[in-house]
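Student: Structure provided below as structure tokens; questions to follow.
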Amino acid sequence: MLDIKQIRNQTEKVKAALDKRGSYDLQPLLELDSQQRELEQRRSELQARSNEVGKSVGQKIRAGADPKGDEVKSLREAGNQVKQEIGELEPKERELKAQIESILLTLPNLPSDSTPVGKSEDDNVELRRWGDELIPADGEDRLPHYEIGEKLGIMNFERSVKIAQSRFVTLTGAGAALERSLISFMLDRHTGVGYNEVLPPILVNSASMQGSGQLPKFAEDGFKCDRDDLWLTPTAEVPLTNLHRDEVLTADQLPIDYCAYTPCFRREAGSYGRDTRGLIRLHQFNKVEMYKFVHPGSSFDELEKLTADAEDILQQLKLPYRVLELCSGDLGFNATKTYDLEVWLPSAGKYREISSCSNCIDFQGRRANIRFKESGKKGTEYVHTLNGSGLAVGRTMAAILENYQKPDGTVEIPEVLQKYMGTQAIS
RNA sequence: GGAGAGGUGGCAGAGUGGUCGAAUGCGCUCGACUUGAAAUCGAGUGUACCGAAAGGUACCGUGGGUUCGAAUCCCACCCUCUCCGCCA
Numbered sequence: 046m047l048d049i050k051q052i053r054n055q056t057e058k059v060k061a062a063l064d065k066r067g068s069y070d071l072q073p074l075l076e077l078d079s080q081q082r083e084l085e086q087r088r089s090e091l092q093a094r095s096n097e098v099g100k101s102v103g104q105k106i107r108a109g110a111d112p113k114g115d116e117v118k119s120l121r122e123a124g125n126q127v128k129q130e131i132g133e134l135e136p137k138e139r140e141l142k143a144q145i146e147s148i149l150l151t152l153p154n155l156p157s158d159s160t161p162v163g164k165s166e167d168d169n170v171e172l173r174r175w176g177d178e179l180i181p182a183d184g185e186d187r188l189p190h191y192e193i194g195e196k197l198g199i200m201n202f203e204r205s206v207k208i209a210q211s212r213f214v215t216l217t218g219a220g221a222a223l224e225r226s227l228i229s230f231m232l233d234r235h236t237g238v239g240y241n242e243v244l245p246p247i248l249v250n251s252a253s254m255q256g257s258g259q260l261p262k263f264a265e266d267g268f269k270c271d272r273d274d275l276w277l278t279p280t281a282e283v284p285l286t287n288l289h290r291d292e293v294l295t296a297d298q299l300p301i302d303y304c305a306y307t308p309c310f311r312r313e314a315g316s317y318g319r320d321t322r323g324l325i326r327l328h329q330f331n332k333v334e335m336y337k338f339v340h341p342g343s344s345f346d347e348l349e350k351l352t353a354d355a356e357d358i359l360q361q362l363k364l365p366y367r368v369l370e371l372c373s374g375d376l377g378f379n380a381t382k383t384y385d386l387e388v389w390l391p392s393a394g395k396y397r398e399i400s401s402c403s404n405c406i407d408f409q410g411r412r413a414n415i416r417f418k419e420s421g422k423k424g425t426e427y428v429h430t431l432n433g434s435g436l437a438v439g440r441t442m443a444a445i446l447e448n449y450q451k452p453d454g455t456v457e458i459p460e461v462l463q464k465y466m467g468t469q470a471i472s
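Going from the first sequence to the numbering used here is simple: count from 1 and add 45.
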């Protein structure tokens, strides 16, 4: 959520930043805001008067006045009149506040100053590449991951349709073991450098979904449990953000680094024809997420560290990848600055997103009301939050199956995973 | 699912209609004492909004209601705990 005060006081700046993403008209919001403040002023003056009256009734009675006498009676009437006026203003003010809130909840974060300006993913900026892209020699048979996976008998899509729907997968044998190995490897790596491992609820309530930015705008993309106010988490970012919702942390607690493995559930509304085969786009997938609550002064440095932590997984797995900085038009709703990591998929001959690392600055902190207090300083400040996949597990498996595929149809296990798997290859 | 108890400040906990934003204790901050520390003593210590400021308003789980006045009374909801049932 953006800061209404900032919108009020630096309207042009905010508008210019928002326009890098799309087109936004802030005038209606500002209009509501000034009406609301005017009403608030009048209402609080009336309330002050009402408190006055209430107090003096008490004083009179204690001083011996007749509670049923004229003096008290006229005060009561005065009190009633003020109360009636307040009663007229209150609903209006509440309505205005609700309108302001609902507009604020749909405004995306402002792109950072350093974010490249652009309209779509075509305008994202490639920053660096790591590793050698594997390009199959002529006549060499390189299968896409879903074909090699089915051939090896470790992954089944047809039967998953029977169990659930399309866009689900069932892993068996070495496939299941590889998924589990990847999760353990990633968690071990991150906890090894100080991330605190979390295994959160994966059903989350609406307040949590709003706190981390999924609601109200992206309700269609979530799976909802109809009889309860609970949603299946689309990402561990939701429970992790809300771990500290409505809390005031102390400055010396920061930074707080968490990592979490969770399944993630997404309807993928609006991407019906895309990536219909394989592990790339499923309704349910596994992800290891990294999440940081940090001091505002260090959040951009922390983003670099977070991205490096995600890259390290790819490097240890020896998977070629590239790093993109998202342009303003492709930035996610919560983010002010985002690096995407894309892994090389030989079957497609291109890079596919495997991690997204974002600095959300105070956007989620304000939404979820997560603040910190600096000792000795008055008041509180919103924390800055960052999140990054480290990594999307299914896509990592896809990349391994394709990049580690041998001409004879077997798949080698990356060295760092061998101790987790207990084998050197899947055949 | 059934029965009961309860939700108050960073924490513990008092407060059943009127100077209660809220006693007290712990914690925390500053100071005194001390070679230093502990202990002790003294002072201070919620958040948000409006306002240039003075100041004002709101907040005792949430939302309504009664009243001149509500942490306190009434209603609804949410949550937590205990016991019983069921269960990995």
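Idealized CB from N, CA, C, for every residue including glycine.
My assumption, with CB atoms under 8 Å, is that I145 sits in contact with L84. Please give the rounded CB distance.
Tutor: Actually they are not in contact, since the Cβ atoms of I145 and L84 sit about 12 Å apart, beyond 8 Å.
Student: Tell me the rounded alpha-carbon separation between S316 and R326.
Tutor: 9 Å
Student: Assuming the contact rule is C-beta atoms closer than 8 Å, G256 and R290 should be a hit. Round their C-beta distance to whole Å, please.
Tutor: 5 Å
Student: Distance check for E282 and L362, CA to CA, integer angstroms please.
Tutor: 24 Å
Student: Where do the ends of the beta strand (DSSP E) carrying D302 lie?
Tutor: 301 to 310
Student: How far does the beta strand (DSSP E) with I399 in it extend, from its first residue to its last?
Tutor: Segment 395 to 404, the beta strand (DSSP E) holding I399.
Student: Please classify Q469 as buried or exposed, where buried requires at least 16 other C-beta atoms within 10 Å of its C-beta.
Tutor: exposed
Student: Please state whether the Cβ-Cβ distance between L324 and G439 is less than 8 Å.
Tutor: yes
Student: In terms of residue numbering, what span does the beta strand (DSSP E) encompassing M335 cover?
Tutor: 329 to 339
Student: Is it buried or exposed, R411, if we count other Cβ atoms within 10 angstroms and call 16 or more buried?
Tutor: buried
Student: Out of F338, S205, T278, point me to the one whose CA is closest to R322's CA.
Tutor: S205
Student: I need the straight-line Cα distance from G218 to V243, nearest angstrom please.
Tutor: Whole-angstrom Cα-Cα distance: 27 Å.
Student: Kindly give me the distance between the Cβ atoms of S159 and K382, rounded to whole angstroms, as I take these residues to be in contact under 8 Å.
Tutor: 7 Å
Student: Three-state secondary structure (DSSP) at L197?
Tutor: coil
Student: Which residues in the same chain have their Cβ closer than 6 Å to the Cβ of N201, if we skip the five residues on either side of it in sequence?
Tutor: T215
Student: Does L227 come out as helix, strand or coil in the three-state DSSP assignment?
Tutor: helix
Student: Please determine if the stretch 292 to 300 and the stretch 271 to 281 are in contact, where contact requires at least 3 C-beta pairs separated by less than 8 Å.
Tutor: No, the stretch 292 to 300 is not in contact with the stretch 271 to 281.
Student: With H, G and I counted as helix, E and B as strand and the rest as coil, what does DSSP make of T215?
Tutor: strand
Student: Threshold first: 4 residues or longer. Then list the alpha helix (DSSP H) segments lying entirely within the stretch 371 to 449, N to C.
Tutor: 408 to 413, 438 to 448
Student: So which of L369, G374, L376, D375 has the shortest CA-CA distance to E387?
Tutor: L369
Student: What's the gap between the Cα of E116 and the Cα of E133?
Tutor: 27 Å
Student: Determine the extent of the alpha helix (DSSP H) in which L285 is found, giving its start and end residues.
Tutor: 282 to 287
Student: Could you check what DSSP says for R82 in three-state terms: helix, strand or coil?
Tutor: Helix at R82.
Student: Does the Cβ of P391 have 16 or more other Cβ atoms within 10 Å, making it buried, or fewer, making it exposed?
Tutor: buried
Student: Need the endpoints of the beta strand (DSSP E) that V293 sits in, please.
Tutor: 293 to 295
Student: Compute the beta-carbon to beta-carbon distance between G124 and G99, rounded to the nearest angstrom, for a pair I have assumed lies under 8 Å.
Tutor: 6 Å
Student: With distances taken from CA atoms, which of T286, S251, A110 is nearest K269?
Tutor: Shortest Cα-Cα distance from K269 to any of T286, S251, A110 involves S251.
Student: Any idea what DSSP makes of A470, helix, strand or coil?
Tutor: strand
Student: Do you know how far the Cα of Q463 is from the Cα of A61?
Tutor: Taking the straight line from one Cα to the other gives about 51 Å.
Student: Below 7 Å, is the gap between the Cβ of E334 and the nearest heavy atom of the ligand MG?
Tutor: This structure does not include the ligand MG; it has no bound ligands of any sort.
Student: Pull up the CB-CB distance for K128 and S95, whole angstroms please, since I reckon it's below 8 Å.
Tutor: 6 Å
Student: For the stretch 331 to 346 and the stretch 434 to 449, state whether three or more C-beta atom pairs, one from each stretch, are separated by less than 8 Å.
Tutor: yes
Student: L24 to Y303, Cα distance in whole Å?
Tutor: Lying before the first or after the last residue shown, residue 24 is absent from the chain, which here runs from 46 to 472.
Student: For N154, which option in T236, G67, A182, L47 has the closest C-alpha, if you only look at C-alpha atoms?
Tutor: L47
Student: Buried or exposed, going by whether 16 or more other CB atoms sit within 10 Å of the CB of V238?
Tutor: exposed
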